[in-house]
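Structure first, then comments.
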Amino acid sequence: MGGRQDGVSIIKREHRDMKEYIGLMNPTSLGCKYRMNKDSFWMLVDMLSPHLPSTGEEMEKGAVPNGPIMHASCLSMALRYFTGGIHWIFWRCMALMMMNLLRCPELNIVFPETYALQAKCANGFKSKSSININCCIGAIDGMLVWMNKPTIKDQINMGFGPTKFFCGRKMKYGLNMMGVCDSRQRFIWVEVNMPGATSDFYAFDQGSPKKKLQTSMFICPDYCLFRDNAYVDSQYMCTP
């Protein structure tokens with residue numbers, strides 16, 4: 391069963407115009423709330439809109455008594471949930487966005503496997519380099535994805551205790567996520583298969599990205615990935 395029950399009164403609400411709401415935010419506030427700038431927000435709305443259900447604008451009068459909830463509003467609430475908003479209000483919009491994010495091909499995480507696409511990535515980094523670095527096709531690093539401490543039941547199922555998930559540097563439990571980003575800060579490769587106590591070097595050494603990168607001619611010999619000194623130099627990696 392869905393919709394309102396018979397006899398339930400309507401609580402009148404006024405929807406804010408999202409263009410006005412976003413327009414009034416300064417870049418710092420917008421970055422804190424959504425982790426992106428205004429242009430990126432509206433670009434994401436345009437990407438997702440074809441995959442989202444109707445807003446209800448075309449329904450007969452009275453079917454949507456408080457007016458349609460626009461796609462920009464849904465995305466706003468979903469992003470606020472992920473950045474620490476009041477989750478009990480936003481969970482429905484968050485679930486809606488997550489389902490449709492997976493249906494949007496423009497947002498697929500895809501590593502550039504052809505030399506032509508790798509050259510495009512290298513040009514992107516070169517355009518942002520003050521010293522014309524032209525060999526970088528991606529920046530790789532590890533990130534701790536926070537999680538709750540594993541329960542006693544979790545520990546029994548896993549066969550080991552929670553310390554493997556505890557990162558002593560961040561003082562939190564989590565998972566080690568290895569990610570590669572392009573010059574526009576978009577993920578082009580992500581892997582999460584190690585607990586938080588794992589070093590970035592070991593997580594990479596045991597992961598599928600290393601095996602793929604070691605495949606002969608997978609990366610054009612002129613290009614490589616850049617990373618910090620938690621790793622070591624190789625034919626396909628450059629460190630400080």
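According to our numbering, the residues represented by the sequence shown are 391 to 630, in order. Don't be surprised by glycine CBs; every beta carbon is placed ideally from N, CA and C.
Is residue j closer than 8 angstroms to residue i when the C-beta atoms are compared?
{"i": "T541", "j": "N566", "result": "no"}
{"i": "N538", "j": "Y563", "result": "yes"}
{"i": "S598", "j": "E581", "result": "yes"}
{"i": "C557", "j": "G586", "result": "yes"}
{"i": "N490", "j": "L442", "result": "yes"}
{"i": "K560", "j": "L534", "result": "yes"}
{"i": "K600", "j": "F594", "result": "yes"}
Grab me the residues of residue i's own chain with a C-beta within less than 8 angstroms of its C-beta, minus the 5 sequence neighbours each way, in chain order.
{"i": "C628", "result": "C525, C526, C614, L615, F616 and R617"}
{"i": "I523", "result": "F515 and K516"}
{"i": "F577", "result": "I499, G569, V570 and C571"}
{"i": "Y592", "result": "M584"}
{"i": "M437", "result": "C494, E496 and L497"}
{"i": "D488", "result": "Reading off the sequence shown, one finds Met at residue 488, where the question assumed Asp. These residues qualify, in order along the chain: A468."}
{"i": "K510", "result": "P502"}
Between residue i and the rest of its own chain, which residues show a CB-CB distance below 6 angstroms, the 5 nearest in sequence each way excluded?
{"i": "M391", "result": "Note that M391 scores 38 on pLDDT, short of 50, meaning its location in the model is unreliable and no value can be drawn from it."}
{"i": "Y626", "result": "L603, I609 and C614"}
{"i": "A462", "result": "M408 and V435"}
{"i": "M484", "result": "A468 and Y471"}
{"i": "P611", "result": "none"}
{"i": "I530", "result": "V570, L615 and R617"}
{"i": "D590", "result": "G532 and A620"}
{"i": "K518", "result": "S573"}
{"i": "S439", "result": "H461"}
Under three-state DSSP, which class holds residue i?
{"i": "F494", "result": "Checking the sequence, you will find Cys at residue 494 rather than Phe. Looking at C494 - three-state DSSP - the assignment turns out to be coil, as it is neither helix nor strand."}
{"i": "D531", "result": "strand"}
{"i": "L414", "result": "helix"}
{"i": "M627", "result": "strand"}
{"i": "F501", "result": "coil"}
{"i": "L438", "result": "helix"}
{"i": "C422", "result": "helix"}
{"i": "C526", "result": "strand"}
{"i": "D407", "result": "coil"}
How would you call residue i, buried or exposed, if buried means at least 16 neighbouring beta carbons within 10 angstroms?
{"i": "C464", "result": "buried"}
{"i": "A468", "result": "buried"}
{"i": "D572", "result": "buried"}
{"i": "N427", "result": "exposed"}
{"i": "I521", "result": "exposed"}
{"i": "P502", "result": "buried"}
{"i": "Q575", "result": "exposed"}
{"i": "L486", "result": "buried"}
{"i": "M433", "result": "exposed"}
{"i": "G549", "result": "exposed"}
{"i": "A512", "result": "buried"}
{"i": "Q596", "result": "exposed"}
{"i": "M460", "result": "buried"}
{"i": "W579", "result": "buried"}
{"i": "G474", "result": "exposed"}
{"i": "S624", "result": "exposed"}
{"i": "E410", "result": "exposed"}
Leaving out five residues before and five after residue i in sequence, what residues of the same chain have Cβ atoms less than 7 angstroms from its Cβ?
{"i": "F431", "result": "I412 and Y424"}
{"i": "N619", "result": "T629 and P630"}
{"i": "G551", "result": "Q545"}
{"i": "T418", "result": "none"}
**Message:** Which runs of the alpha helix (DSSP H) at least 4 residues long sit entirely within the stretch 543 to 609? Give them in chain order.
**Reply:** Fully enclosed alpha helix (DSSP H) runs of 4 or longer: 590 to 596 and 598 to 603.
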